Structures are given as C-alpha cells and as structure tokens.
Amino acid sequence: MALQDSGPIAFPPMFFNDRIGRGSTAFSDTLIDAPGEKWGCVFRCPKTGTLGKVGIKFDAVTAAEDFRISFQDVDLTNGNPDDTDDQFRDIPSASISAGTWVKTGLITSDGTDVGAKRSVTKGDLLAIVGTFPAAVGSLEIRSFDIASPILVTNDTYVLFHNATSWAKDASVKLVSVALEYDDGSYAFIGNTWPFTGEEIGLFNNTDTPDEKALRFQVPFKCRAWGCWIPVEVDGATDIVLYDSADVVKATISLNPDVRLNSSQVAYFLPFATPVTLDINSTYRLAIKPTSTTDIRAMSVIVDEVAIMDQLSGGQSVYYSERTNGGAWTDTTTKRMLAGIILDQLDDGVGGGGGGVGKLAGLGGGLAG
Numbered sequence: 224m225a226l227q228d229s230g231p232i233a234f235p236p237m238f239f240n241d242r243i244g245r246g247s248t249a250f251s252d253t254l255i256d257a258p259g260e261k262w263g264c265v266f267r268c269p270k271t272g273t274l275g276k277v278g279i280k281f282d283a284v285t286a287a288e289d290f291r292i293s294f295q296d297v298d299l300t301n302g303n304p305d306d307t308d309d310q311f312r313d314i315p316s317a318s319i320s321a322g323t324w325v326k327t328g329l330i331t332s333d334g335t336d337v338g339a340k341r342s343v344t345k346g347d348l349l350a351i352v353g354t355f356p357a358a359v360g361s362l363e364i365r366s367f368d369i370a371s372p373i374l375v376t377n378d379t380y381v382l383f384h385n386a387t388s389w390a391k392d393a394s395v396k397l398v399s400v401a402l403e404y405d406d407g408s409y410a411f412i413g414n415t416w417p418f419t420g421e422e423i424g425l426f427n428n429t430d431t432p433d434e435k436a437l438r439f440q441v442p443f444k445c446r447a448w449g450c451w452i453p454v455e456v457d458g459a460t461d462i463v464l465y466d467s468a469d470v471v472k473a474t475i476s477l478n479p480d481v482r483l484n485s486s487q488v489a490y491f492l493p494f495a496t497p498v499t500l501d502i503n504s505t506y507r508l509a510i511k512p513t514s515t516t517d518i519r520a521m522s523v524i525v526d527e528v529a530i531m532d533q534l535s536g537g538q539s540v541y542y543s544e545r546t547n548g549g550a551w552t553d554t555t556t557k558r559m560l561a562g563i564i565l566d567q568l569d570d571g572v573g574g575g576g577g578g579v580g581k582l583a584g585l586g587g588g589l590a591g
C-alpha cells in the first residue's frame, strides 16, 4: 500500500457558505398557523431499508396542537409531495414546545406501532410533510438559511403549502430533520441540519476548558496537508493537531492582527510538514487560545449519537475538550465545526484498506 496524491479533500467537508463560515446561526423557519397549511421537504433516501421515525426541530410555538408527520410520494411532474399520507404519525401537543427537538413514533400506514412501515430503495425520492390534522395551532419548523448556495444538492429542498398549492422555498436551506430507519440507524443526507442546538462559545486561556477540539478518525491511511477551521481570532491562538498519545503532530499560530475580517470566518491552514494519519487512529484538531482575550468557535449538537451517521464522518467525528493540558473529555453527541484537508490517500494496493462510508459528502458540507 502506498499514499497517492489526491488533491485537496476536506474531511469532514466545510460548509461552503458565508453564514456558517462566520459561525452565524441564520434560521429561516416555516410558520404553520392556518387551516390547510403544510410544511414539506423532499430528498433522496440514503440507503435501502425500512423507515422508522423522523426527528424534527420546532422553533417558536405559539399554540401547540397535535401535529402530523407523513411520508408521501413525490409528484414527478412538479417535484411536490403528492398530498397522500402513505404513512403517518401524529406528534401529541404535549410533546411540542418552543425550541424542542421531537422524534416521532413509528410512522406507519395507520399511524400506530402495528401499521405497515415504508420500505425504500437507495435513491428513492421521498417527501416528509407536516401539518395539523385537526385543531390548528401555530408553530415554526426550523431550517438553516444558506446565504451563498455553493456545492449544495439541488434535490433536497423545503416547500410550503398555503392551503391552495405547494411552492418550493426560493432560498436554499439546510433542513432540520433526521430520518431514522426501523433498525435505529441513520445515513448521510445532503442539505440537512439535524441538530438540536448550536453552540457559539467564547473562551480564552484562563477558562475551563481552555482547549476545544474535533476528535476524529479516518477509515484509511492518508496524509493531512492542513486543516480548515472557522474561528474568530480576537486573541493569539494556536491550532494544534494531536495524535492518540497527545503527541503534537502540527501547530499553527494565528495572529489576530493578520486577518481580513474580525468575524468568525474560516481559515485554510497548511501544516509546515504534512502529517500521515493512520487508519482508525484517534486524532484531535484543537483550538488553543494563548492569551486572555476571548476567541470564538462553533459546535453543533445532535439528540442521539446515531444521528451523527447522517453527517459526513459519522460517529467517529465528535467534540472534545480539556483544561490545562489534562485529560480530554469527549462528547459524542456534539461536533466542533472544523476539519482536516487531505492531499494523499492510500491506494489500497497489496492490503486491505478501510471502508469509505465515513467519507460520504466530501464534496459538500458537513451536513450537505
């Protein structure tokens, strides 16, 4: 086996739009508050199997009533849901409140646990639709608005039904849904934002923690050219790559006086010497402020660790932190926005390299 030049590949991929690069949480929600109104999203099923449940994020909730989530076919003449609830489940009003992530019960033909579930084939178009089935309340369903829609998929999108007809949202959005199969698994879906929350935290070298990191593994041997990381560097900061024994493999020092923008904008940083990464070994890419001036980094949070499989990198990529060079504390349901940039991959010749499933979506964002 030998490393071969691949050109730059980000892992996990960077979000290619300015709001996420700035660490902004720019949400553009869909309000459902009148009879006949519906929210919908369309995407391609990520793998073959039987569907189970849907996770969804509600923002403002003025009046909670039972809310129905259904699976529908997609009308191939217009790309809209076909308005037939093939399978559905009602979320009880008691489970709906502002700012909550809710996972439905099993979505079936009769809306109960004993109804027939939906079987899909990888690549099938599917619509998820939400509406009030009886009494009408008022709630907002979260999406993340993308200001610069570069390298996002054109067949995952949000729709709104105004009680007369469907219309696709004119803006490009990352959809705040997670699709669970009946075995409890998830798989990569582009243009999704399946997060219960976001954390944009200030910290410096006197805080607890004073290092925040992306803990990751790669599924085959490769070489890291450098890293990408959106960070607001108002004070001197080191970006450090550690191996599993906490040996420093690379350090890059950032000067707050040498930058274009004072906001949280992404850096693309070459390591002075490229670093060879071993298959399934643990590494941490850390932000380490070296002054008492606060800097800013962004992380995202999921409801359960399995949802990480809906993101590029899967469950082997998550958040880590420590204080004063002590032991690392990992959080498997949280991920710091950052990643490495690879420039060589193992060609697999003469040996059994690793799988590539964790690298889904390398050409797009962390969530699409």
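The numbers in the sequence shown follow this note's numbering, run straight up by one, and end at 591. Ideal Cβ positions, reconstructed from N, Cα and C, are used throughout, including at glycine. Keep in mind the model is a prediction, meaning the values are calculated, not measured.
query, result
"Where does G584 land, buried or exposed, given buried means 16+ other C-beta within 10 angstroms?", "Any reading at G584 must be qualified, since the residue scores a pLDDT of 47, below 50, and its modelled position is unreliable; the value itself is stated next. The residue is buried, with at least 16 neighbouring Cβ atoms inside 10 Å."
"With a CB to CB cut of under 6 Å and the five nearest residues on each side skipped, what residues in its chain are close to P258?", "V359"
"CA-CA distance, D274 and E422?", "Checking the sequence, you will find Leu at residue 274 rather than Asp. Their Cα atoms are separated by approximately 30 Å."
"Where S504 and F411 are concerned, what is the direct C-alpha to C-alpha distance, given to the nearest angstrom?", "22 Å"
"Is S394 helix, strand or coil by DSSP?", "coil"
"Suppose only complete runs of 3+ residues qualify. What are the beta strand (DSSP E) ranges in the segment 437-513, listed by chain order?", "445-455, 460-465, 471-477, 488-500, 506-512"
"Can you say whether G562 is buried or exposed, counting buried as having 16 or more other CB atoms within 10 angstroms of its CB?", "buried"
"Would you kindly report the start and end of the unbroken beta strand (DSSP E) that includes V525?", "V525 -> no beta strand (DSSP E), and no H or E assigned at all."
"Where does D282 sit, in a helix, a strand or coil, going by DSSP?", "strand"
"Use the C-beta contact count for D532: other C-beta atoms within 10 angstroms, 16 or more gives buried, fewer gives exposed.", "buried"
"Straight-line CA distance for S229 to A286?", "53 Å"
"Tell me which residue opens and which closes the beta strand (DSSP E) that Y409 is part of.", "Y409 -> no beta strand (DSSP E), and no H or E assigned at all."
"With DSSP collapsed to three states, give me the class of S388.", "coil"
"Give a yes or no on whether the C-beta atoms belonging to T327 and I292 are separated by under 8 Å.", "yes"
"Provide the residue(s) that pair with M559 in DSSP beta bridges, ordered along the chain.", "S522"
"Any heavy atom of the ligand FAD closer than 7 Å to the beta-carbon of A561?", "Of the ligands one can find in the structure shown there are none, so the ligand FAD has no counterpart to examine."
"Indicate whether V465 and A509 have their beta-carbon atoms separated by less than 8 Å.", "The displayed chain sequence assigns Tyr, not Val, to residue 465. It is a contact, given that the beta carbons lie within the stated cut-off."
"With distances taken between CB atoms, is the gap from T555 to V528 smaller than 8 Å?", "yes"
"What are the residues that DSSP puts in a beta bridge with V324?", "Sequence inspection shows Trp at residue 324; the Val mentioned does not correspond to that position. According to DSSP, which records beta bridges pairwise, W324 is partnered with K280."
"Please say whether R365 and D282 have beta carbons closer to each other than 8 Å?", "yes"
"Are the CB atoms of V343 and T271 within a distance shorter than 8 Å?", "yes"
"Does DSSP put S539 in a helix, a strand or coil?", "helix"
"Under a three-way DSSP split, which group does S593 fall into?", "The structure shown does not extend to residue 593, since the chain spans only 224 to 591, so no value can be given for it."
"Using the three-state DSSP reduction, which class does D569 fall into: helix, strand or coil?", "strand"
"Indicate whether the contact test is met: 3 or more Cβ pairs, each with one atom in the segment 461-480 and one in the segment 423-432, closer than 8 Å.", "no"
"By DSSP, does S361 sit in helix, in strand, or in coil?", "strand"
"Let me know if D308 comes out buried or exposed under the rule of 16 or more other beta-carbons within 10 Å of its beta-carbon.", "buried"
"Take the Cβ of S522 as the centre, count every other Cβ of all protein chains shown within 10 Å, and call the residue buried at 16 or more, exposed below.", "buried"
"Provide the residue span of the beta strand (DSSP E) that contains G549, from first to last.", "Element bounds for G549: n/a, residue is neither H nor E."
"Does the count of Cβ pairs from the segment 484-502 and the segment 383-395 closer than 8 Å reach three?", "no"
"Check for me: the beta strand (DSSP E) holding F418 runs from which residue to which?", "It is not in any beta strand (DSSP E) - F418 carries neither H nor E in the DSSP assignment."
"Assign G263 to one of two classes, buried (16 or more other C-beta atoms within 10 Å of its C-beta) or exposed (fewer than that).", "buried"
"Check whether the Cβ atoms of E363 and L254 sit closer than 8 Å, and answer yes or no.", "yes"
"Excluding the 5 residues preceding and the 5 following E288 in the sequence, name in chain order all residues of the same chain whose CB lies nearer than 6 Å to its CB.", "S316, F355, A358, G360"
"Restricting to Cα atoms, I'd like to know which of A550, Q295, S251 is closest to C268.", "Q295"
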